[in-house]
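Structure record follows, encoded as structure tokens.
Numbering (this note's numbering), first residue to last: 749 to 1152.
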């Protein structure tokens, strides 16, 4: 399966409407806690508590993930629906008990292995797009890596929030990393982010606005918003349905396993350059099997082009749902692939750039899309193709408005 990647970030539902002021107090036991971070995940909306532990944030009506965070204390993720908000909120933070983790992180050695793991982390978290070159982690030494060579699993933890400066988009981003795992070809990351505008001249701000719009165009957020507005095809998106089945030309995993074991036993006696037209021995058959094991595990069959929006988006009781059969191929016709995407694999050959093509692979449907064009449960789908290539550096805050 090519370009398969889980990109997992906690999102919230943001519904565009009138503003409301959310107030509250943060305590540590019975004492007000000054300097605690209080923000709405993945937005530019946030503040810190004052001397009395109090905070106040203006937001648009809707449903949010409100994050309350202070170094050394357990983070609070509070789901807030403004329609149920009637009185100031009260939060009580408890101290974190990750003593063992802290000891391990303090012993981090910043050697060549750490530098190599950091390079891998940057590629799989920040990304390899053109815009990723201007996205810098300001405090990389807060990261600690663990590599399991037997299972080929790389894990990253951070003792403090990552501070990220995005010079192309004009943001400083505070990212509280909760989980980061590379397991073979699958990448999983989870965290909370708060965006802040960088300071700059009017000329710089205009450049940032242009780059933000370019980043938004063709993104999955753009796609979902156009789906809700019924302008998907007008906005340059083509939707096709495809079925994914096991490749009948590829041996089963059990057959491949037995072939590997047999080849391993006779490794010193094998001429790997020998061409086998017709297998004459069990060892010949094993070598042919391993050659076929390089074939793709699955085959995709496109069976419906230009799928109507009504076949993808459903409505019930005023709620929008993403619901469809099999899988979706999404082609964004208004932008071509970057060269880095074409050459992303080690042995990729240069070719002519094509329109950006992504796949939506559902894990659980139906899944709700809020009015802002985000999935309430983003873990219900994962993305392949171009959207898996565009990682954190190509992300925008959920309250980004392309019209501004």
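Glycine included, C-beta positions come from ideal geometry on N, C-alpha and C. None of these values were measured; they are calculated from a predicted model.
DSSP state of residue i mapped onto helix, strand, coil
| i | result |
| --- | --- |
| residue 904 | strand |
| residue 1126 | helix |
| residue 794 | strand |
| residue 844 | coil |
| residue 911 | strand |
| residue 1136 | helix |
| residue 1120 | coil |
| residue 800 | coil |
| residue 1141 | helix |
Exposure label - residue i; buried when at least 16 CB within 10 Å
| i | result |
| --- | --- |
| residue 1065 | exposed |
| residue 945 | exposed |
| residue 973 | buried |
| residue 982 | exposed |
| residue 906 | buried |
| residue 918 | buried |
| residue 789 | buried |
| residue 1018 | exposed |
| residue 979 | exposed |
| residue 1149 | exposed |
| residue 769 | exposed |
| residue 815 | buried |
| residue 1120 | buried |
| residue 1093 | exposed |
| residue 801 | buried |
N- and C-terminal bounds of the beta strand (DSSP E) containing residue i
| i | result |
| --- | --- |
| residue 1111 | No beta strand (DSSP E) holds residue 1111; DSSP gives it neither H nor E. |
| residue 1082 | 1075-1084 |
| residue 942 | 934-945 |
| residue 957 | Here residue 957 belongs to no beta strand (DSSP E); instead the alpha helix (DSSP H) covers 950-964. |
| residue 926 | 919-931 |
| residue 787 | 785-788 |
C-alpha gap between residue i and residue j, whole angstroms
| i | j | result |
| --- | --- | --- |
| residue 848 | residue 822 | Annotation note: pLDDT 47 at residue 848 (below 50); position unreliable, coordinate value reported separately. One C-alpha to the other measures close to 15 Å. |
| residue 997 | residue 1040 | 7 Å |
| residue 1124 | residue 824 | 19 Å |
| residue 774 | residue 1144 | 28 Å |
| residue 864 | residue 838 | 44 Å |
| residue 869 | residue 1106 | 23 Å |
| residue 799 | residue 780 | 7 Å |
| residue 947 | residue 1117 | 34 Å |
| residue 1156 | residue 910 | Shown here, the chain extends from 749 to 1152; a query on residue 1156 therefore has no answer. |
| residue 935 | residue 874 | 12 Å |
| residue 993 | residue 971 | 26 Å |
| residue 1109 | residue 966 | 18 Å |
| residue 1103 | residue 876 | 18 Å |
| residue 1050 | residue 985 | 17 Å |
| residue 797 | residue 871 | 35 Å |
| residue 896 | residue 927 | 16 Å |
| residue 842 | residue 776 | 7 Å |
| residue 991 | residue 1076 | 9 Å |
| residue 940 | residue 923 | 6 Å |
| residue 1151 | residue 958 | 11 Å |
| residue 767 | residue 809 | 6 Å |
| residue 1111 | residue 1129 | 5 Å |
| residue 1033 | residue 1043 | 16 Å |
| residue 866 | residue 882 | 17 Å |
| residue 1178 | residue 1047 | The structure shown does not extend to residue 1178, since the chain spans only 749 to 1152, so no value can be given for it. |
| residue 828 | residue 890 | 31 Å |
| residue 1086 | residue 878 | 8 Å |
| residue 1007 | residue 1038 | 7 Å |
| residue 795 | residue 859 | 37 Å |
| residue 1035 | residue 892 | 41 Å |
| residue 862 | residue 929 | 15 Å |
| residue 1000 | residue 1009 | 15 Å |
| residue 949 | residue 1088 | 31 Å |
For residue i, the first and last residue of its enclosing alpha helix (DSSP H)
| i | result |
| --- | --- |
| residue 809 | Counting along the chain, residue 809 falls outside any alpha helix (DSSP H), and DSSP gives it neither H nor E. |
| residue 977 | 968-977 |
| residue 770 | Taken as a continuous stretch (DSSP letters only), residue 770 belongs to no alpha helix (DSSP H), being part of the beta strand (DSSP E) at 767-776. |
| residue 824 | First-last for residue 824: 824-829, but that is the beta strand (DSSP E), not the alpha helix (DSSP H). |
| residue 1087 | 1087-1090 |
So within the region 987-1071, which uninterrupted alpha helix (DSSP H) runs reach at least 4 residues, ignoring any that extend past its ends? 1001-1013, 1030-1040
Complete alpha helix (DSSP H) runs within the region 854-893 (minimum length 4 residues, chain order):
The alpha helix (DSSP H) runs of length 4 or more contained entirely in the region 854-893 are, from start to end of the chain, 860-869.
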